[in-house]
Amino acid sequence: SEGCYFKLTTPFFVACVKESMAIIGGWTRHSKVLFSPAFYPSGGIFESIESGPSGAEELAFKFALNTINRNRTLLPNTTLTYDIQRINIFDSFEASRKACDQLSLGVAAIFGPSHSSSANAVQSICNALGVPHIQTKWKHQVSDNRDSYYVSLYPDFSSLSRAILDLVHFFKWRTVTVVYDDSTGLIRLQELIKAPSRYNIRLKIRQLPTETKDAKPLLKEMKKAKEFHVIFDCGHEMAAWILKQALAMGMMTEYYHYIFTTLDLFALDMEPYRYSGVNMTGFRILNTENSQVSSIIEKWSMERLQAPPKPDSGLLDGFMTTDAALMYDAVHVVAVAVQQSQQITVSSLQCNRHKPWRFGGRFINLIKEAHWDGLTGRVLFNKTNGLRTDFDLDVISLKEEGLEKVWISGESLLFLKLTWQHSLGLQSFI
Numbered sequence: 001s002e003g004c005y006f007k008l009t010t011p012f013f014v015a016c017v018k019e020s021m022a023i024i025g026g027w028t029r030h031s032k033v034l035f036s037p038a039f040y041p042s043g044g045i046f047e048s049i050e051s052g053p054s055g056a057e058e059l060a061f062k063f064a065l066n067t068i069n070r071n072r073t074l075l076p077n078t079t080l081t082y083d084i085q086r087i088n089i090f091d092s093f094e095a096s097r098k099a100c101d102q103l104s105l106g107v108a109a110i111f112g113p114s115h116s117s118s119a120n121a122v123q124s125i126c127n128a129l130g131v132p133h134i135q136t137k138w139k140h141q142v143s144d145n146r147d148s149y150y151v152s153l154y155p156d157f158s159s160l161s162r163a164i165l166d167l168v169h170f171f172k173w174r175t176v177t178v179v180y181d182d183s184t185g186l187i188r189l190q191e192l193i194k195a196p197s198r199y200n201i202r203l204k205i206r207q208l209p210t211e212t213k214d215a216k217p218l219l220k221e222m223k224k225a226k227e228f229h230v231i232f233d234c235g236h237e238m239a240a241w242i243l244k245q246a247l248a249m250g251m252m253t254e255y256y257h258y259i260f261t262t263l264d265l266f267a268l269d270m271e272p273y274r275y276s277g278v279n280m281t282g283f284r285i286l287n288t289e290n291s292q293v294s295s296i297i298e299k300w301s302m303e304r305l306q307a308p309p310k311p312d313s314g315l316l317d318g319f320m321t322t323d324a325a326l327m328y329d330a331v332h333v334v335a336v337a338v339q340q341s342q343q344i345t346v347s348s349l350q351c352n353r354h355k356p357w358r359f360g361g362r363f364i365n366l367i368k369e370a371h372w373d374g375l376t377g378r379v380l381f382n383k384t385n386g387l388r389t390d391f392d393l394d395v396i397s398l399k400e401e402g403l404e405k406v407w408i409s410g411e412s413l414l415f416l417k418l419t420w421q422h423s424l425g426l427q428s429f430i
């Protein structure tokens, strides 16, 4: 009932799964709940393929909660429990229904889902009811700023797009082929796509096949046209397939230079290509050189190696993906906001009544103001649009031996002491 309060000795963490969507603050009664650092109600929804294994984000969600419960440093008086449910991938109706179900229980925030249509549906509900919506995947953000209850831990892709353009300038490329997986790639690479009108760069744009992983016909065309400087915008699984097929077609030689936009290039098995001579460059935000981060990743890897084997994804066994690291950081950022909050009541909200949560504005501000040194570096949000525009980024390069780190600062990516030699293994910048 509206005026009923419960004193709970154990907080309740609810999660629902199938589209990468986690709901913070689910309760088993339709009631107001005292929300303070002593009580942290949470939950989640994640996407998955029917009857498929748990995804990396769902596993990272549980892993983060268990870490907080064990360490007792962030929320010393709170035990987080959770429930996981799943929704079908690409099902925006089911995502909306699950979100409304969770909101009726009383929640403080929603994570996901990851697919754009489902994410937009849930975002609309969150805006209407004043509940924070937290994303860990890239989503095209409109400029009208309607999403005032939205934050994203995924690095702002306009910044990544400028980073790619800076790399093109650094390598002094005059001809570039952009190969994209789907139409969102053209949005993500807008800085580069606009380059020909501003710089002396010739750009050719190609699309990967949509119904198959067989990229050989496309690679054959590129080889025939002598397209040696290529930027691939695709996920890590497709990147792994491209590398295998390029090797089979003799396109992994010193004449070729590939840039991959996936932030998981570091987690792919590069052993077959180390001595090929090919030039390969990518990006990474996982702060693996930090000892505390490495310790957490090692614990994650040990748990993953004990799990049943999964279908070949191209990833090295047990490696933590960027998606998993972002979800881990997302849970901790919200926990930091809970730590900073005073007494807040989490109310049962009804999607058909459009009566917003009275404390939603305060809580989203706490989330936007939260600082967290996480697996993906320093997490800070732009307080206006909720985007993560200030972040650390490593440039990684495949070489035969050794690792070297080069720090960069400033609005553009000015490479300091950067010499691209055959002996270098890793360069990075901020």
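Take 1 as the starting number for the sequence shown in full-length UniProt numbering and just add one per residue. Even glycine gets a Cβ: it sits at the ideal position worked out from N, Cα and C.
Can you have a look at residue i and say buried or exposed, based on whether 16 or more other CB atoms are within 10 angstroms of its CB?
i: R86; result: buried
i: G106; result: buried
i: K383; result: exposed
i: W407; result: Confidence in W407 is poor, its pLDDT being 36 and thus under 50, which makes the residue's placement too unreliable to answer from.
i: N279; result: buried
i: M238; result: buried
i: F63; result: buried
i: T389; result: exposed
i: P196; result: exposed
i: P272; result: exposed
i: L366; result: buried
i: M320; result: buried
i: T253; result: exposed
i: R29; result: The predicted model places R29 with a pLDDT of 31, which falls under 50 and marks its position as unreliable, so this point remains unresolved.
i: P113; result: buried
i: T212; result: exposed
i: K172; result: exposed
i: L393; result: buried
i: A99; result: buried
i: P217; result: exposed
i: T210; result: exposed
i: I23; result: Bear in mind that a pLDDT of 43 at I23, under 50, signals an unreliable position, so the model cannot answer this.
Sorted by chain position, which residues of the same chain lie with C-beta nearer than 8 angstroms to residue i's C-beta, five sequence neighbours on each side aside?
i: L192; result: S161, I164, L165, V168, V176, V178, L203, I231
i: A335; result: Y40, I68, L74, L75
Suppose the cutoff is 7 angstroms on Cβ atoms and the five residues either side in sequence are ignored; what does the same chain contact list for residue i look like?
i: K223; result: M249, M251
i: K368; result: V151, F381, K383, G386
i: A330; result: F111, I134, T136, L153
i: V304; result: According to the sequence as given, residue 304 is Arg; it is not Val. If we look at R304 and ignore the five residues flanking it on each side, its Cβ neighbours are G318.
i: Y255; result: F228
i: I187; result: H140
i: G361; result: G130
i: A38; result: Confidence at A38 is low in this model, with a pLDDT of 47, below 50, so its placement is unreliable and the value that follows should be read with caution. Within the same chain, A38 has close Cβ partners N77, T78.
Tell me, which residues are paired with residue i by DSSP?
i: P209; result: Answer is none; P209 lacks a bridge partner.
i: L268; result: L315
i: R198; result: Looking at the DSSP assignment, R198 forms no beta bridge with any residue, so it has no partner.
i: D329; result: In DSSP, D329 forms no bridge with anything.
i: F260; result: F232
i: M280; result: Y258
i: S347; result: In DSSP, S347 forms no bridge with anything.
i: K204; result: T177
i: Q135; result: S152
i: D394; result: R284
i: V168; result: Beta-bridge pairing links V168 to no other residue.
i: W372; result: V379
i: R388; result: P155
Assuming residue i contacts residue j (C-beta within less than 8 angstroms), just tell me the rounded distance between them.
i: L387; j: D91; result: Their Cβ separation, rounded to whole angstroms, is 26 angstroms, which puts L387 and D91 out of contact at 8 angstroms.
i: F363; j: A108; result: 6 angstroms
i: L263; j: T322; result: 4 angstroms
Excluding sequence positions up to five away, which residues of its chain have a Cβ less than 6 angstroms from the Cβ of residue i?
i: F266; result: R284, I396
i: M327; result: E57, A60, F61, T136
i: V379; result: D329, V333, W372
Comparing the C-beta of residue i with each C-beta of chain D, is any distance below 8 angstroms?
i: A95; result: Absent from the structure is chain D; it holds one protein chain and no more.
* To do: Evaluate contact between the region 348-359 and the region 237-249, counting only Cβ atoms and requiring at least three cross-stretch pairs below 8 angstroms.
  => no
* To do: Count the C-beta pairs between the region 334-342 and the region 65-78 that are closer than 8 angstroms, then say yes if the count reaches three, no if not.
  => yes
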